[in-house]
Each structure stands twice: as structure tokens, then as C-alpha cells.
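First the structure, in the form of C-alpha cells, and then the observations on it.
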């Protein structure tokens, strides 16, 4: 186990380095720069642009910039935003909370709902329930998230007036209840797509389990179907689901990005988009590295949990 | 429209004007008087302004957008500002410096500024001439990431002569400096001066100013909240607080305006697609405010075919401008032939009018030797009349306009290829170093509201040829260079008008760029929100939020 962990951590370091080189390279080699946004609105001259470029150190050779960034990054100094001068870590810290809020809430809802739907669809294979579950999941996965988001706003905010159309809180309020009220729509949208994934995965996993010899044995012993499903099949069918938590992370982050933009949710996804638009290199790199780290951690966690849940798996 | 200059006559006239006289004695009474015609101001309440880009730069001297400027107007003050009718109104200054009051030397080089007494910073510290000197010095500090130093770089011997008086000498006369100062926000010496590095000072995220509103809170990605400054030196503010709410999605921005969650939809303006519906909304006012931006097709004169004037003229003739403005922008923008906004004192309304005449365009090209090749595209000496046109990808209206232009020009045997890229790419080196062939862009050519266009058209302002400026067209004209030089040195506004009108005639005659229209920003306000007055001189129509209030 220890060897496995050390090996995985080693791999993670190499991967992070790779991500950083590619990310930093693409960002800096792409045309345009952090000041191009101000050219039109502020009438900044080339002289001004050159002066500030020099002050930001962006005129130095690429490798030097990268080495400098990397050296500071590993010591915990993630740099400062070119836009507002705030430390990158502080900026990420203020945005990660709102993202985690909607991601966690939608994951919990999706896991519970998707798990139940997938299980029922598998147990009643080819029934109307199965048809509805698989058909519904297909539709949910085929339609873009932003469409669901716009429909939710149209229906619940404009037509029915039940939910706020966006933002994380009401000005001057921001109490937990108020935030919760604002969370409903974005979480609903995120959870919808996620539920579809969980339901499909659970259905496949359950079907696979139900076809195993030990299930046939259990049934042959005369156990009631409910007991067979709950006591024997469910536990084993849930095992592959553990990996889904880790594997779903990048997809979820992508979904959150769209959802956050449509619902004006002040999360990390939107910060990433804004920073990318403004070529705010330190912030973009910070989020990129953090996301990569979280994906790797999620995947490692999934593997470890899998081993814990299924003693047959050995981590060598 | 009246606008700032160093004209002796205009200064005298301004000083005599009721608004300015009121402003000198009674702290910017002009705007209040204008308001007095409407309902009586009622104190209290808040305004939520919905904007599509997040304000992030709160030090008003650093590079920022017009979204940031919307906040600066609330937190900070300038020595004087330019009202929506073009009048210069003293703010931190007690009066405008003129030759008559001894504030300005006859040659326009020595400036003596008298400040208003009794003004305090938001933390209660008295505002003094040392703050003004500190601001000007900071702008010229080589280590400070200042936005630009236009005009300020000419400053010499900035000296504080009393707590409420200072003076300086300009290295050479620079008529637009009055206008530059109208957008130079003064920062506090007692706070920023103590910071180790003004670029990263805590002040930049918790600013302290002398403006009508104080810093409240910023929720990153959500909003910036500003509270009323009860000790404000001018009229107002009437509102208890103003909130700038960041809503990046344009559809959502409109939805929230429609649902009443935001009171003012500004800066980025209302998208044309929502125009008709928005005008039918109850209790809302939709205002089409002229903006100083001139939409045009920038042509790179370094690209061989565009060096031929006949080509530029033919492209202009073949462009069905009116149809485009009607079809895409619902006729909102104002057709123009000049880079100076309509109504500006320097505007020349005698410029030749555009006509859509493809037959004349073809004849012109035929005569110039650009003859159709086998593929129908014209060519001359082996060079095809084919070029690319670029603009920010995702700008829906412009992308539609490109399609129409492509058709217009294809009709006369010219091939235009659309090559759009993200804004950060287009407005980077591609634009600045003239790597484009043609670009669809809207620019504000003025310096503040002064018609000096040296950075735009001087042959010394071509960045691609080592110059420092914004002449990305790579346009060179000796007569233009001479006029530009005279324009900045001349102090008489009447003479300046003639200079800048001649300039407009040359630029139009040479078709340095293909003018399309003067932009109009369509903003929405709730009907009961009083005091909102668009101001072409301020970059942000939030400039006078201190005068906004809710009518009964």
C-alpha cells in the first residue's frame, strides 16, 4: 500500500509538472496579452503597454518566466492577479467555496437519485421504468447544460417567480437561507445531468452484478428477491460507483463552469473564464494547477476507497 | 458642445457662465440646478447597477476599463469634470485656472491651482494640495503601473505653495491637459504614500477617496457595494448606497432588468435583440445615449492593396452602410464621416456624405488598373484584391456585419475573408503592431474630450515602425503631422476648431479608415430613478450617481 501511494504521488508530481509546462506554454505563446483588453477602452499607447509589460516581467524569456513562476509556486507563492493585484490563492479561496457548494449539493442529490433510478431500472430491465430511466438519461446527457439553465430560469424565475434568476445572494442579505434559495436552480441543473450519469452507471453495474454466479446461487437457495438485491447485489454493484466520484470531477467542473456563468454564480469556473479572457496568467495557472491536483486526488481517493470496499483489490 | 481647452476666451466665458460661477461659490451647483427642474430630490434607498464585466481595478490611476471607471466616479474626485453639456465644472479645485484669474500664464505653460477648502477624505483626514502633488508625482513615478502619462509627462516643478494651492509648469504648451485632468482622479498621499509599493498597496483593494460614496464591500464575482459619504463636499449623494452587480451573461443581465432585480442596466448596454421588448416594459426608460466611439473599418496602409487610395475609395462606395445599420442595429447608431463625435465643438459637419454606389466603385477600380481575373476577383500586377477582416470573435452584431460587407465587396470583385479571434488576441500585438489587414473596431479617438489625435494619425505614432502611439493604420501625411503639432500648441479654441476641421477633411478625403457610425449605447433605467444623465465626456454614464434619487 505504501509503495503504491509513493508511486502514485510520484506520478502525480510528474503529471503536475507536465500540466504546468503545457498550460504555461499555451498561455504565453498564444497571441495577445494581459493588457490588450485595455487598449481600446483606455486608449493606452504602445509605449504604455510596453512599459507595463516590462513592469510585469512579461518581456523576459519564456523559460525564465516559467522557472521563476515554478520556483515561487512550489514555495506556496502563487503570484498576484494582473487585474486586481490580489494574491492568487486569496482569489481562489473566495471563489472555491461557492463552486464546492453547488458541486457537493448536486453530487449528493445525483448520487442518491441516480443510484435509486439506476438500480430500479436494472432490476426491472426492459420495463417501462427502465425505458423511462434510460430514455430520460439519454435526453439529459444530450441537451447542453446551458439550455437547461436557461429553461430553469424561464420557468421558475420568469413564469412562476419561485426562484431568483441568478446571483448567490440578495444584496444586503446573504444569510444561509437566502443562499440556499439561490442555490436551488443551479444545483437542480447540475444535478440533472449528473443524475443521468449516475443512473446509467448504476444500471450497468447492477445488471453486471445480477448476472454473477453468486446471485444465481442466492436465488437458487430460495432467498427472496428483495434480500438478493439489497443484501447481495447492491453492495457489489455500488463498488464501481465509488470511482465515479473521482472520475466525475472534471465533468462536474466543466458543468459548473457553464452553470456559474448563466446563473451569475461567483465560483471558480467563472473566475477561470474571466481570467482567461483577460489573460490573467497567474490566476489561470493557479486554477489549472489546483484543478489538476483535485482531479488526481479524486482519482487516487477513488482507487483507495475501492480497495477499502473490496478486499480482493490489492494495492501493489 | 463645449469642451475644455486652454482658450483664453473660452475660459473667460466659462468663468462667467452661471453653472461655473455657481460651482465656484456653491460647490457644483450647476448640475443641481439642472435637476431642480424635475422632482425634488428624495434622500434614501439604493440603486443596483447591472454590469456585464466585473470591476476589479480600484486604484483609479492604474489600467482599468470603463466598468472600473464607473466605480472611480463614486469613490474619487477630480480637480474638475466635464458635464454632460460639455461645461467644465470645478470639483476639488475652487475655480478653473484661467488667464483672467491668474491661474494660467498667457503662454499656457504655468498653471496655478486653488483648491476648495474643507474637503476630507473618507477616513476624515483633510484633503490638501499635497494630495494633488502626490497624485501627479505618482503618475510620473517610473515604478508605478500607471495607465498612461499623456500630458502628465510634460509636468515640471510641481510645487505646493499653500495647503490649498499648488502650481506647475508644462515643458511645452499642451492644450488637451485641461481635458486630461478632468479624468485624473486624485488619490490620498497619507495612505498610498506610506505603502511600500503603490502597485500592491492594500489601498488598491480598499480605496479611500473624496467622492460621494465610500467603499463598502466587494464580494468577488458578485458585487461591489458603496455606501453614502455623508461628508461629501458637493451636492448629494441622495442614495444611501449603490451596488454594482456583476452579471456576465448578457441574456441574464436583461432578464434581471426585466424582472426588476436591477435598477440600471448600463455600460455594456442593452443588446439590440432585446430592444423592442425592453421598450414595451412598464416603468422603464430605455435611453439611447451617444457614445464617443466611432465604429470603423480600420485599414492597414502597410498592406499593399490598401496603400492605393482608389481601393479605399472603391471599398467605401461599395459598402451598403445604411442597410447594414438598419438590419443589424435597428438604425440605432448615427452615421458619420468623421472620427469626432457629432455635436463636439470641433466636429465638421461639412464632410462629404457617403453614398452607396457599386457601379462607381467598379469604374474606379477599373480605372486604377484593378481588373477582374479568371475567378472574378480583381487583380493588378499579380496582386489579388483579397484581404482578411478581423474582429473579436463572439461579437454577434459585428459578425453579421462582416457577412454583409463580404457580400457588398464580392459584388465589385473584391474578396474578403473573415478571420475572427478572441478579443485578447485581436487587441494584442495583432492590432498594436499592425499585423492585421483590416479590422472592424470602435475607437474613441479623443483625449478625454479633446480633439487632439496625435497618437492616432501622427507619423511618429506608428508602433509597428518604432513610434509610440495608436496609429496602427500606419498612416503618414506631412500636412497632418503639421496640423497635429499646431493643434496641441494653440490656445485659441476658434483657431483650434479650424485646425481640427481641416484634419477631419484630410482624414475623410484620404479614407484613412472607412467610417461607419458613431456608437450609441442603449441603457435602461427604472422610470422613477431620477438624475441619470448620459455623458459623452465621462466614459461611464454612472459619472453622476451622486445626483441620482428615487422619485416618489
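Residue numbers (my numbering), protein chains in the order written: chain A, 79 to 394; chain B, 74 to 625.
Glycine included, each C-beta is placed from N, C-alpha and C at the ideal position.
Interface flag for residue 138 (chain A) against chain B is unset, since no Cβ pair is found closer than 9 Å. For residue 244 (chain A), the residues of chain B that pass the 7 Å Cβ criterion are 320, 325 and 329, in the order they occur in the chain. In this model, residue 245 (chain A) and residue 255 (chain A) are separated by some 14 Å (Cα to Cα). With the criterion set as a beta carbon lying under 9 Å from some beta carbon of chain A, the members of the stretch 493–512 of chain B are 494, 495, 496, 497, 498, 499, 500, 501, 502, 503, 504, 505, 506 and 508, in sequence order. Contact of residue 245 (chain B) with chain A is not assigned, every C-beta pair being separated by 9 Å or more. Shown here for residue 431 (chain B): same chain residues with a beta carbon closer than 6 Å to its own, the five before and five after excluded, namely 391, 484 and 485 in chain order. Using beta-carbon distances, residue 119 (chain B) counts as an interface residue toward chain A, with a partner under 9 Å.
In this structure, A:314 is the residue among A:203, A:151, A:286 and A:314 with its C-alpha nearest to the C-alpha of residue 385 (chain A). In the structure shown, residue 160 (chain A) falls within a coil segment according to DSSP collapsed to helix, strand and coil.
Per DSSP, residue 469 (chain B) is one residue of the alpha helix (DSSP H) stretching across 469–483. At a C-beta separation below 9 Å, residue 169 (chain A) has these neighbours in chain B: 293. Remark: fewer than three beta-carbon pairs, one from each stretch, lie closer than 8 Å, so the stretch 391–406 of chain B and the stretch 532–547 of chain B are not flagged as touching. The shortest CA-to-CA distance from residue 224 (chain A) to any of A:85, A:81, A:106 and A:339 is the one to A:339. Taking 7 Å as the cut-off between beta carbons, the residues of the stretch 242–276 of chain A near chain B are 243, 244, 245, 246 and 249, in sequence order. About 5 Å separates the CB atoms of residue 221 (chain B) and residue 126 (chain A); that is less than 8 Å, so the two are in contact. DSSP, read as helix, strand or coil, puts residue 597 (chain B) in strand. Residue environment for residue 481 (chain B): buried (at least 16 other C-beta atoms within 10 angstroms of its C-beta).
Here residue 179 (chain A) is buried: its Cβ has 16 or more other Cβ atoms, across all protein chains shown, within 10 Å.
Within chain A, 161 and 162 have C-beta atoms less than 7 Å from the C-beta of residue 129 (chain B), given in sequence order.
Scanning the stretch 145–224 of chain A for uninterrupted alpha helix (DSSP H) segments of 4 residues or longer gives 166–201 and 206–220, listed from N- to C-terminal end. Inter-residue distance for residue 434 (chain B) and residue 586 (chain B) is about 16 Å (C-alpha atoms, whole angstroms).
Contact with chain B is found for residue 128 (chain A), since one of that chain's Cβ atoms lies less than 9 Å from the residue's Cβ.
According to DSSP, residue pairing for residue 258 (chain B) in a beta bridge involves B:151.
What residue 365 (chain A) touches in chain B, judged by beta-carbon distance under 8 Å, is nothing: the nearest beta carbon there is about 13 Å away. Here the alpha carbon of residue 357 (chain A) sits roughly 38 Å from the alpha carbon of residue 603 (chain B). Looking at A:88, A:193 and A:87, the one whose alpha-carbon comes closest to that of residue 308 (chain A) is A:193.
For residue 319 (chain B), the enclosing beta strand (DSSP E) starts and ends at 314–319.
Where residue 323 (chain A) is concerned, the enclosing alpha helix (DSSP H) starts and stops at 312–325. Assigned with DSSP and collapsed to three states, residue 184 (chain B) falls in strand.
In this structure residue 87 (chain A) is exposed. Its beta-carbon is surrounded by fewer than 16 other beta-carbon atoms within 10 angstroms.
In the three-state reduction of the DSSP assignment, residue 431 (chain B) falls in the helix class, which pools H, G and I. If you look at residue 267 (chain A), you'll find it in the alpha helix (DSSP H) that goes 254–288. In the same chain as residue 436 (chain B), and ignoring 5 residues on each side of it, no C-beta atom comes closer than 7 Å to its own. Within the same chain, Cβ atoms closer than 7 Å to the Cβ of residue 209 (chain B) are found at 225, 228 and 231, the five residues on either side in sequence being excluded. Each of B:295, B:520, B:369 and B:443 was checked against the Cα of residue 463 (chain B), and the nearest Cα belongs to B:369.
Taking every protein chain shown into account, the CB of residue 444 (chain B) has fewer than 16 other CB atoms within 10 angstroms, so this residue is exposed.
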